[in-house]
Amino acid sequence: RADQLKRGCNRAWPKPSLWNGERLSPFKLLSRTMITIRWHVRNRPRTQSWTSLVDKSVVEGIPDDERKRQEAIFELIATESAYVRDLQMIVEKFYASMVPMLDEKSATVIFANVEDILLCNTTFLSSLEERQKDCRLYIDHIGDILNAHMNQMAVYMPYCVHQAPAIKVLQGLRKDNSELATHLQVRLGTFRQPGKSRPSSKRTEILHHTQAEAERAQISHAIHTTERILEGVNEAIREREGAERLGEISKGLYVGQGHLDLTAPTRYMGPRRLIKEGVLVKAKSGRRLHAVLCNDIVVLMDAAAQSLYRMPMALTELNVREGKDDQTLSIQVAYPRGGDTIVLRASSSREARSWIEALERARAEAGRWHAANSGRKSLGGR
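Sequential numbering of the sequence shown, starting at 1, is according to this note's numbering.
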């Protein structure tokens, strides 16, 4: 059947074209810099599909699942081809021409490792197109290629993580550098998040229509790899944004004459991470407090003055319980001299529950780290 299909597909195969409508691959770099390229589509070739390039008699003999699988593979390759052309344009038209106008630091922040990204995606596309050519459009297996290349997509990590700083730098340069603004002649607009959501959906569609177990296993592994990389990228972005937020909060915090820097590392848990923040009200006095939960401490500030309400409380030294009603929570601090209890009211029962759960999770994690660190000290002292 495969040989018969390949004979039916034995034409001079063109490179997959773009289809009209939305671009399936986002402008990753330009989404990061909030640039929308003025790309005119009126001269693009007409829409093509896999079935349009295969003899009708052959298509009619193909099971529906297999036809859908071939269409999904064809669209995946078309998507990657379009995306690589976008990256090439970014490097050739924007990166190369803008670098002389920028200092080294600004160029690094804005464009990051775009050349590495281009190389990674060009290599991936080359493998896909080579397989398409060798198979004469009918691709009987593609999982090995997906598996081989998906780990390399971790190359996006540094540039995705620094998306927000890049946006700020570019916006500032456009405002202050008229030569650069004129050179770009593009508009800032709504940007798309980095990632390949649509191509990822194509990989899922290919898996859905694949019957061979070995091929399914390889495609599933490739999808799992991309999901793991995406999860890592998102976590790194959250940590960077959290660190920036802690820096902003720290600006007005002082203990005596000293500045309280919440961005300083923890004692034994590595970097301090922001987990949750929001306004809570003291149940008795009605005083509004700005609560900041980190992975090792809880900070309570006066919401109006944004000043420190009390010294940061170590998570390992407190307990949290539900209050007398479903909108309150009770924080018990185990000080040597009798301890202390703070009853706080949230804006809703749902928010109160969210705070209790977040505090309990953070406290449990801090407790594990504390126990492990204490164990290492004991072993080291023997």
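Every residue, glycine too, gets a C-beta built ideally from N, C-alpha and C. Computed from a predicted model, the values in this text were never measured in an experiment.
Between HIS141 and SER127, the gap from beta carbon to beta carbon reaches 8 Å or more.
Taking a 10 Å sphere around the C-beta of HIS259, we find fewer than 16 other C-beta atoms and assign the residue as exposed. Per the coordinates, the alpha-carbon of ARG287 lies some 36 Å from the alpha-carbon of PRO165. Out of TYR159, ASP144 and LEU280, the CA that lies nearest to the CA of SER349 is found in LEU280. With distances taken between CA atoms, ALA154 lies nearest to CYS120 out of CYS120, PRO271 and ARG174. Here DSSP, grouped into helix, strand and coil, assigns ALA82 to helix. Ranked by Cα distance from ILE237, the first of ASP261, GLY367, SER52 and ARG273 is ARG273.
Nearest to PHE74 by C-alpha distance, out of TRP50, ARG85 and VAL84, is TRP50. Within the model, the alpha-carbon separation for ALA283 versus THR328 is close to 8 Å. Check the Cα spacing between GLU115 and each of LYS133, VAL320, LYS105 and PHE94: the tightest is with PHE94. Taken atom to atom, the span from the alpha-carbon of ILE275 to that of SER250 is near 15 Å.
A direct Cα-Cα distance of roughly 18 Å separates ARG131 from LYS68. In the three-state reduction of the DSSP assignment, HIS141 falls in the coil class. When the Cα atoms are used, TYR159 and GLN332 turn out to be separated by approximately 43 Å.
The beta carbon of ARG267 lies closer than 6 Å to none in the same chain, with the five residues before and after it left out. In terms of Cα proximity to HIS209, the closest of GLN48, PRO63 and TRP369 is PRO63.
In this structure, ILE117 places its C-beta atom within 8 Å of the C-beta atom of TYR156. Per DSSP, ASN319 is one residue of the beta strand (DSSP E) stretching across 318-322. Excluding sequence positions up to five before and after THR263, its CB lies within less than 7 Å of the CB of ALA243, LEU246, GLY247, SER250 and ARG272, all in the same chain and listed in chain order. Between VAL343 and the set LEU308, SER374 and ALA291, the nearest pair of CA atoms involves ALA291. Scanning its chain for C-beta atoms nearer than 6 Å, with the 5 sequence neighbours on each side dropped, one finds no residue around SER347. In summary, VAL255 is exposed, with fewer than 16 beta-carbon neighbours lying within 10 Å of its beta-carbon over all protein chains present. With contacts defined as CB atoms closer than 8 Å, GLU277 and LEU293 qualify as a contacting pair.
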